[in-house]
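Shown next, in structure tokens, is the structure this report addresses.
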Amino acid sequence: MTLAFPIGIRLLPTLNGSNTVRTFRYKIFILIFTFLCYTSYHLSRKPISVVKSVLNRNCSDPDVVDDHHNHGNNTKWCDWKPFDENNAGSLLGSLDLAYLFAYAVGMFFSGHIAERMNLRYFLSLGMISSGLMTVLFGMGYFWNIHSLFFFIGVQIIGGLVQSSGWPSVVTCMGNWYGKGKRGFIMGIWNSHTSVGNILGSLIAGIFVNTAWGWSFIVPGIIIGSLGILVFLFMVPNPAEIGCDLPDQSSAAKYAANEVSEKSDLNTESYREYGAANTSQTSLISMTKEKPISLLKALRIPGVIEFSLCLFFAKLVSYTFLFWLPKYIHVKANYDPEKAADISTLFDVGGIFGGITAGLLSDFTGMRASTCVLMLVLSAPVLYIYNLYGSLSLAHSIGLSMVCGFFVNGPYALITTAVSADLGTHEILKGNSKALSTVTAIIDGTGSIGAAVGPLFAGVIESSGWNNVFYMLIGSDIMALLLLLRLVYKEISAYFRS
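Take 1 as the starting number for the sequence shown in full-length UniProt numbering and just add one per residue.
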């Protein structure tokens, strides 16, 4: 038993039964554990979108509690400096930009690092560091800090360490689960994103009107504590504890079709990176697998198209993530706590959207076509939401859920099942070390879009929310256009079969 073996697993009673039963039990454990891990990542990201409503607000609003001081002609007395200026929208957008660009840059490096060190160490360190940065942002309230550089600095470091999460948990899931019904399993599993957003909004909403610092500190403690549990119990690869490896042979139709038509992609060129994918793989053979380069990963069929598509899909999703509570607060005139609660319904819709996308793609074998179908429908839904979403509470609730369903469905499918499919592509010959790099490329490209979206929203918002939604609709259209080549290949393969 090596030092890399999790300490907590050593202390647990040995699981009895056949190796198949034992593997199944560990798979359930990994499914739940990684779900909780990434839930905590999103839980710690969400508070900033809720707290924006009190960092800069309308001080004449009757919901604002007056401190009974004479404020004179100061109409910004209730705002938190430095977000009390006329360009507050841009300043708040700069917080999003600092975090998301750091996250995007970190994502490209985290895949390389994750492939070259024990995933348990990497994920644990990332979660504990993320918790510290989240707590530090909240301490700005109690330390009475009003420096923009402090908040931007915390956001930059926070973005870098938060990039540790996605390549790690997707690689763990890809190592434990084969391609059969992967879309459905990962569709359910990917609801951690929405569950984390919901819990983050609810926790932040509890403290936002009293002491907003706690809106960050509580989520920071949660993710940091889970990071300690990861160090004690996480098993990134079934081979580490002698469990059966999953079958990676059942690829999506688009992948099989692309392999048969590949021209310059020579399977032989990947042989040096691959290892035989047998049902039982020892730790010795696992360590012989060589990490794949960025160039090799980009040459895997579908990686570039899905990466660029995710750029625009994530742009839309993260604009909602960072700006929806403020949009509801301004447009529907709800107080910040109620706006935060209503915004969670977008993520409720996103849960069902991700599961539906996974089921549909499993049933048809067409990942790209499923994404395009939902993207086509999301554009008119966004337009309708902007027109009628603030008419009443019922409109806001219903349209928020429908909007989340269509916006988050393609995003969820690409970041989970599609990334795992491409990272375990047939041409890689079972090389498990390629999964982190492929995942990092796809999500890293998407994260650049995630950085651009909230930034543009902060700048455009001053000219009216209609323009923000025009940007989102245009991004949806660009996302679907980028997948049309793959859709054509999928449909052609379907009619040939």
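Even for Gly, the Cβ is constructed at its ideal location relative to N, Cα and C.
Bear in mind that the values here come from a model prediction, so they are computed numbers and not experimental data.
Let me know if residue i comes out buried or exposed under the rule of 16 or more other beta-carbons within 10 Å of its beta-carbon.
i, result
"L298", "exposed"
"W143", "exposed"
"L199", "buried"
"T210", "exposed"
"N86", "exposed"
"M186", "buried"
"T415", "buried"
"K326", "buried"
"F322", "buried"
"N197", "buried"
"F495", "exposed"
"L480", "buried"
"residue 511", "The question about residue 511 has no answer here: the residues shown for the chain are numbered 1 through 497."
"S497", "exposed"
"I203", "buried"
"Y488", "exposed"
"M374", "buried"
"L245", "buried"
"L100", "buried"
"R57", "buried"
Between the alpha carbons of residue i and residue j, how many angstroms are there, rounded?
i, j, result
"S463", "P454", "15 Å"
"V170", "V154", "26 Å"
"I48", "F311", "22 Å"
"A340", "S201", "6 Å"
"V51", "S147", "16 Å"
"T356", "P82", "43 Å"
"F207", "I145", "18 Å"
"T281", "F24", "Residue confidence is low: T281 scores 42 on pLDDT, short of 50, so the model does not pin down where it sits. No coordinate-derived value is stated."
"F5", "E337", "44 Å"
"L55", "G302", "42 Å"
"L377", "I442", "23 Å"
"V381", "V407", "9 Å"
"L160", "L119", "17 Å"
"L11", "S419", "34 Å"
"L413", "I113", "25 Å"
"C172", "A493", "31 Å"
"K230", "P236", "Per the sequence shown, the amino acid found at residue 230 is Val instead of Lys. Using only the alpha carbons, I get a separation of about 10 Å."
"G93", "G174", "35 Å"
"T20", "A417", "24 Å"
"F149", "S475", "31 Å"
"K314", "F469", "14 Å"
"F108", "T439", "9 Å"
"N386", "N466", "7 Å"
"I241", "S215", "39 Å"
"W176", "G89", "44 Å"
"residue 531", "R22", "Beyond the ends of the chain as shown, which are 1 and 497, falls residue 531; an answer cannot be given."
"A104", "Q162", "10 Å"
Go through its chain and collect everything with a Cβ distance to residue i's Cβ below 6 Å, but skip five positions before and after it.
i, result
"S400", "L345 and F346"
"S269", "Bear in mind that the predicted position of S269 carries a pLDDT of just 39, short of 50, making it unreliable; the figure below should be weighed with that in mind. Once the five neighbours on either side are set aside, S269 has no close Cβ partner at all."
"I156", "A98 and A102"
"H192", "F35, Y38 and T39"
"V135", "I217 and G220"
"L91", "F83"
"E272", "With a pLDDT of only 36 at E272, under the threshold of 50, the placement of this residue in the model should not be trusted; the figure read from the coordinates follows. Taken in chain order, the list of residues that qualify is empty."
"K27", "W176"
"C309", "A479, L482 and L483"
CB-CB under 7 Å to residue i, same chain, minus the five flanking residues each way: which ones, in chain order?
i, result
"T319", "G453, P454, A457 and L472"
"L31", "W189"
"Y121", "none"
"G227", "S124, M127, I128 and G131"
Between the Cα of residue i and the Cα atoms of the options, which residue gives the shortest distance?
i, options, result
"Y388", "K331, G131, G446 and A239", "K331"
"S225", "T437, V459 and M127", "M127"
"G205", "L483, F495 and L43", "L43"
"F184", "L324, G242 and F352", "F352"
"S307", "S492, A450 and F469", "A450"
"L45", "I477, F137 and C309", "Here residue 45 turns out to be Arg, not Leu, going by the sequence shown. Checked all of I477, F137 and C309; the closest Cα to R45 is F137."
"I7", "M117, G158, G106 and M234", "M234"
"M478", "G358, F405, V316 and I223", "V316"
"W212", "I304, D79 and V372", "D79"
"L324", "T370, C403, I304 and A379", "C403"
"E490", "A104, S53, R22 and T370", "T370"
"F33", "G106, I223, A104 and Y141", "I223"
"G349", "Y411, V372 and L295", "Y411"
So, for residue i: in the same chain, excluding its five sequence neighbours on each side, which residues have a beta-carbon less than 8 Å away from its beta-carbon?
i, result
"G165", "C37, Y38, Y41, L123, G126, M127 and S130"
"L95", "I48, F151, I152 and Q155"
"H395", "Y388 and G389"
"I334", "Looking at the sequence itself, residue 334 is Tyr, so the reference to Ile does not match. For Y334, where only same-chain residues beyond five positions count, the Cβ hits under 8 Å are I328 and I342."
"I460", "N467, V468 and M471"
"I304", "L298"
Exercise. On the three-pair Cβ rule with 8 Å, is the region 208-222 touching the region 352-368?
Worked result: no
Exercise. Between the region 379-393 and the region 434-450, are three or more C-beta pairs nearer than 8 Å?
Worked result: no
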